[in-house]
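For reference, the structure discussed in these notes is given below.
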Amino acid sequence: MIKEEFKLAVSSLLRLPGFSLTVITTLAVTLAALAVVLNINYLVLTKPLPYPNADKIVVTDQSETINGETQYGFQILSAQYHIYKDEQYIEQMALMSLFGAKLRDLPDTPYLDGVRVTPEYFTMLDVPMHLGRAFNQQETINDKQRVLVLSFEAWQTHFGADPKVIGTYTAIANDKYQIIGVTASHFNAPEVFGNFSMHAWFSFDQEISRTSSWGSITGGVNGIAILKNGVSIEQANSALSEQINELYQSRDDVAANTAIGARFVPIKQKIVADSGEMALLLLAGVITLLFIAVTNICNLFLSRAVQKKRVMAIQAALGAKTQHIFLGMFSEALLLSMLACIFGLLIAGWSMVWLASDLQYMFPRMQHLTLDPVTISASFAVSVFVSIVMAKLASQQVPYQQLNQTLQSSGKGTGAQISSLTRNVLVALQVGLATALLLGATTVLSPAINKLVKDVGFNANNVNYLRVDTGNLNEGFHDVAQQVKSQLKSLPLVEDVALTRASPLQMGWENYLYDESNEMLGIVSVGFFDENSFSLLGMLMIEGRSFSSLQDPENTPQEIIISKALAERLFKSESAIGKTLQAAPNEPLTVVGVVDNVYVPDNRDSYAEERYYLPFTAGARFALTFKSKSQVDRAQLLEALKEVNPQLSIAYFETLDNMLTARLRASKLVAILTMSLIILALSLAAAGIYGVLSYSVQMRRYELGIHLSLGAHTGQVIKLVLMQSMQPVVFGVLLGGVLAGIGYLIGTRLLAMQITGEISVLLLAIPIMVVISVLACYLPVRSVVSSDPLKALRNE
28 MIKEEFKLAV SSLLRLPGFS LTVITTLAVT LAALAVVLNI NYLVLTKPLP
78 YPNADKIVVT DQSETINGET QYGFQILSAQ YHIYKDEQYI EQMALMSLFG
128 AKLRDLPDTP YLDGVRVTPE YFTMLDVPMH LGRAFNQQET INDKQRVLVL
178 SFEAWQTHFG ADPKVIGTYT AIANDKYQII GVTASHFNAP EVFGNFSMHA
228 WFSFDQEISR TSSWGSITGG VNGIAILKNG VSIEQANSAL SEQINELYQS
278 RDDVAANTAI GARFVPIKQK IVADSGEMAL LLLAGVITLL FIAVTNICNL
328 FLSRAVQKKR VMAIQAALGA KTQHIFLGMF SEALLLSMLA CIFGLLIAGW
378 SMVWLASDLQ YMFPRMQHLT LDPVTISASF AVSVFVSIVM AKLASQQVPY
428 QQLNQTLQSS GKGTGAQISS LTRNVLVALQ VGLATALLLG ATTVLSPAIN
478 KLVKDVGFNA NNVNYLRVDT GNLNEGFHDV AQQVKSQLKS LPLVEDVALT
528 RASPLQMGWE NYLYDESNEM LGIVSVGFFD ENSFSLLGML MIEGRSFSSL
578 QDPENTPQEI IISKALAERL FKSESAIGKT LQAAPNEPLT VVGVVDNVYV
628 PDNRDSYAEE RYYLPFTAGA RFALTFKSKS QVDRAQLLEA LKEVNPQLSI
678 AYFETLDNML TARLRASKLV AILTMSLIIL ALSLAAAGIY GVLSYSVQMR
728 RYELGIHLSL GAHTGQVIKL VLMQSMQPVV FGVLLGGVLA GIGYLIGTRL
778 LAMQITGEIS VLLLAIPIMV VISVLACYLP VRSVVSSDPL KALRNE
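Going by this note's numbering, the sequence shown opens with residue 28, and the numbers climb by one from there.
In structure tokens:
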């Protein structure tokens with residue numbers, strides 16, 4: 028019998044191509060979005076990390092407290108070394124430090140992004156090897172061995188997948204490293220430092236002790252550890268915080284009112300960070316979209332049930348039971364849902380390929396984004412559930428007890444209809460869900476748009492950033508830097524050149540700042556600029572002047588320039604010019620200028636507006652920013668560097684515009700995804716509302732025809748219908764506000780999500796929803812009242 032029902036369903040649906048195509052398209056697009064977002068949530072929140080004992084591994088983050096304010100994410104190498112050597116609380120630990128350099132013995136001298144690690148890294152993560160071996164215990168800290176393991180990708184790209192490279196030496200920067208292994212192609216390093224490709228793993232070749240490296244606090248150092256059995260994260264944090272802070276305080280130059288501590292976190296929590304919030308918000312949005320689509324399709328199936336009422340009546344007269352009536356509707360619903368699911372998964376698979384590289388800027392583990400069995404199973408399960416819901420609602424809309432009466436009924440007004448209550452509930456639900464989604468999505472969209480349109484505070488147009496690799500040079504950096512500056516300035520396309528250590532978009536390095544009494548003022552972002560960097564970048568000097576010209580590298584001007592935000596915090600309304608600050612204790616610097624704030628976009632919601640700038644001094648690595656009339660050829664730049672010294676080469680070259688675009692890539696993707704979700708939801712809701720109200724107006728065309736025939740003005744008839752039609756719309760908007768409020772409370776109170784509500788969201792979202800609803804109400808009645816009223820009477 029089931030087979031016959033499906034055959035009948037196929038035959039019926041083939042005669043209704045418009046109905047079938049509408050259902051399949053609506054559900055396919057929605058299921059595609061659901062499949063992508065489900066996959067993202069599965070990878071980010073649910074799928075276990077592919078490492079043994081992953082649930083036991085913690086990341087040895089540290090905290091630093093200055094004047095009662097605590098910040099996280101910056102570590103001190105010696106403190107990490109102390110934790111590494113601990114045997115009371117730590118079962119096993121791997122120390123890690125970001126490191127990257129050029130492969131100098133290859134023709135194109137490619138740059139390897141990597142990390143220094145201890146041998147425990149490979150054993151804790153059970154790193155699979157394609158060739159060779161991992162580090163052994165004779166290649167750990169203070170053994171002064173230079174060995175490296177390549178990633179499978181780097182081995183293929185830079186060494187032509189040659190197995191003979193194992194055991195050979197390669198030049199990394201100015202040192203020789205022995206290649207001892209290649210990781211397996213499927214190995215992905217844990218994204219402790221962020222979402223970027225790891226090309227190589229290097230051994231520690233420098234001396235490290237509990238006293239040697241306290242001067243640098245950085246986000247580029249960390250560790251992964253497994254605690255001893257019975258030791259909790261809280262116990263380890265408390266005990267080791269006390270130990271490393273005691274070492275920190277024992278130093279001679281420690282600043283007053285400062286302290287450090289341990290803040291271990293599970294490795295998955297470290298990797299996921301704040302991306303879990305965005306994943307859950309996307310999931311909430313797509314589920315809401317699914318409800319809107321299902322409500323829309325339910326309306327179509329209700330109309331389909333009314334259309335089939337006489338067929339079902341004949342079936343009932345021949346002895347069909349309620350389950351047979353349900354099976355007939357379920358067969359149609361399941362066929363359409365399965366087709367929609369298949370097309371939706373095809374769209375989702377293509378979307379994942381297209382979005383994978385971009386999504387890595389928003390979420391970790393996106394290299395695994397693909398249609399996996401979990402996503403496929405979930406999609407088919409949702410399709411079956413939707414089929415059951417649609418069939419159940421449609422079959423219940425036409426009561427079995429009334430079917431026999433249908434064959435005996437005829438005449439005006441006896442046609443099958445969807446009840447007024449059902450129509451109003453459908454409209455209210457679609458408006459409510461769309462309003463809730465619009466409010467929630469706008470809350471996410473607003474910060475992303477603000478970040479995209481925010482003025483960064485400097486001119487990036489036709490400005491380039493060039494970082495120079497000095498090769499084997501070990502002296503004379505000041506003279507070389509000045510010669511490179513002059514050489515670039517002589518190029519026809521170059522208008523101005525300035526020396527720097529990093530572009531304004533890369534000043535992620537933070538340093539201590541002290542007052543004249545050596546009291547710590549905080550950890551602040553710092554940049555190193557020469558005297559004309561500010562004018563070249565168009566950065567507004569609010570007060571004072573730029574740096575003095577550096578003539579003698581042994582006599583650096585003792586000057587400092589601070590940002591407006593930092594000046595306001597330190598000196599309030601008082602002028603900062605002439606004040607004394609210190610980047611290191613007992614090394615006073617005079618404030619000579621206050622420059623306007625720059626707004627460097629990153630993954631944080633707020634901007635690090637507090638900055639200070641020090642005079643540029645050349646070292647083994649230096650950089651330049653230069654303004655050009657048009658695009659400058661990379662080969663021309665390399666030739667200019669070689670004319671100064673054959674050892675020089677390009678370490679990095681990019682325009683500031685492209686660097687800014689890369690910085691804004693995550694925000695742009697958030698805006699695109701959110702706008703797509705909004706447009707799709709509003710389109711489905713508008714179509715659904717229009718469909719329900721169009722059906723309602725068509726059912727009332729006889730009544731409206733009488734009104735018009737008796738002389739009623741079209742405006743009055745339209746107003747009458749609009750007033751009645753807008754009642755469920757208003758209720759739906761109120762329902763949407765309540766749903767959005769509930770979602771906000773769940774997110775902020777139960778899930779501890781950082782969701783900021785703005786009144787502008789209400790002022791934008793609700794009018795949009797009302798306008799769409801009014802149009803959806805107006806268009807159906809307009810088409811009826813604009814026609815001849817006698818036709819409506821004749822048709823009845």
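We put the CB at the ideal spot given by N, CA and C, even for glycine.
If you compare alpha carbons, which of the options is closest to residue i?
| i | options | result |
| --- | --- | --- |
| Ile-705 | Gln-262, Tyr-148, Leu-40, Val-313 | Val-313 |
| Leu-466 | Asn-80, Met-568, Val-765, Asn-284 | Val-765 |
| Gly-774 | Met-305, Ser-236, Glu-537 | Met-305 |
| Leu-526 | Ala-645, Ile-29, Thr-52, Lys-129 | Ala-645 |
| Thr-97 | Gly-288, Met-702, Phe-149 | Gly-288 |
| Asp-135 | Ala-405, Leu-665, Val-411 | Leu-665 |
| Arg-638 | Phe-556, Ser-575, Ala-188 | Phe-556 |
| Ser-560 | Lys-74, Ser-575, Leu-61 | Ser-575 |
| Asp-579 | Leu-316, Gln-509, Gln-270 | Gln-509 |
The beta strand (DSSP E) with residue i in it runs from where to where?
| i | result |
| --- | --- |
| Pro-44 | That residue, Pro-44, is in no beta strand (DSSP E); its alpha helix (DSSP H) goes 44 to 68. |
| Pro-642 | 638 to 642 |
| Leu-158 | 156 to 159 |
| Thr-92 | 89 to 93 |
| Tyr-204 | 202 to 210 |
| Leu-175 | 174 to 177 |
| Glu-570 | 568 to 571 |
| Leu-608 | 607 to 609 |
Quick one: residues in its chain with C-beta nearer than 8 Å to the C-beta of residue i, no 5 flanking neighbours on either side, listed in chain order?
| i | result |
| --- | --- |
| Val-219 | Val-86, Met-123, Asn-249, Ile-251, Ile-294, Lys-297, Ile-298 |
| Thr-607 | Asp-542, Glu-543, Pro-615, Leu-616, Thr-617, Val-618 |
| Ser-437 | At Ser-437 the pLDDT is 48, less than 50, meaning the model places this residue with poor confidence; the figure from the coordinates comes in the next sentence. Counting only Cβ-Cβ distances below 8 Å, and skipping sequence neighbours, we find nothing. |
| Arg-661 | Ile-677, Phe-680 |
State the beta-bridge partners of residue i as determined by DSSP.
| i | result |
| --- | --- |
| Ile-587 | Val-618 |
| Ala-650 | Arg-494, Thr-527 |
| Thr-167 | BP columns for Thr-167 are empty, so no partner. |
| Gly-141 | Phe-126, Ala-227 |
| Val-483 | DSSP output for Val-483 lists no bridge partner at all. |
| Asp-189 | DSSP lists no partner for Asp-189. |
| Val-697 | None, per the DSSP bridge assignment. |
| Gln-663 | DSSP output for Gln-663 lists no bridge partner at all. |
| Gln-119 | Ile-253 |
| Phe-555 | Leu-641 |
| Tyr-539 | Ile-550 |
Enumerate in chain order the residues of its own chain whose CB-to-CB distance from residue i is below 6 Å, with the five nearest sequence positions on each side excluded.
| i | result |
| --- | --- |
| Asp-132 | Thr-197, Ala-198 |
| Leu-371 | For clarity, residue 371 is Gly in the given sequence; the question names Leu instead. Only Ala-55, Leu-58, Ala-59 meet the Cβ criterion. |
| Cys-325 | Met-417, Leu-420 |
| Ile-374 | Ala-59 |
| Thr-92 | Ala-286 |
| Leu-711 | Ile-319, Ala-320, Asn-323 |
| Ala-36 | Ser-358, Glu-359, Leu-362 |
| Val-454 | Ile-716, Val-719, Pro-755 |
| Val-258 | Tyr-116 |
| Val-192 | Phe-186, Ile-206 |
| Leu-65 | Thr-402, Ala-405 |
| Thr-682 | Asn-491 |
Once you ignore the five residues that flank residue i on each side, which residues in its own chain have a CB closer than 7 Å to its CB?
| i | result |
| --- | --- |
| Gly-549 | Ile-93, Leu-540 |
| Ser-655 | Asn-489, Asn-491, Leu-520, Val-521, Glu-522 |
| Lys-215 | It is worth fixing the name first, because residue 215 is Asn in this sequence and not Lys. Closer than 7 Å at Cβ, skipping near neighbours: Gln-394. |
| Asp-140 | Gly-127, Phe-223, Ser-224, Met-225, His-226 |
| Thr-49 | Leu-327 |
Need the endpoints of the alpha helix (DSSP H) that residue i sits in, please.
| i | result |
| --- | --- |
| Asp-506 | 504 to 516 |
| Tyr-111 | 104 to 112 |
| Ala-463 | 447 to 480 |
| Met-753 | 741 to 772 |
| Asn-685 | 683 to 690 |
| Ala-36 | 29 to 41 |
| Glu-96 | It is not in any alpha helix (DSSP H) - Glu-96 instead sits in the beta strand (DSSP E) that spans 96 to 99. |
Are any of the Cβ atoms in chain D nearer than 7 Å to that of residue i?
| i | result |
| --- | --- |
| Lys-30 | Checking the listed chains, one finds no chain D in this structure; it contains a single protein chain. |
>> Just to confirm the assignment: which complete alpha helix (DSSP H) runs, minimum length 4, are found wholly within the segment 279 to 340?
In response: Within the segment 279 to 340, complete alpha helix (DSSP H) segments of at least 4 residues are found at 294 to 299, 302 to 334, given in chain order.
>> To test your reading of the DSSP string, which unbroken beta strand (DSSP E) runs of 3 or more residues are found completely within the segment 225 to 267?
In response: DSSP runs (the beta strand (DSSP E)) wholly in the segment 225 to 267: 227 to 229, 248 to 254.
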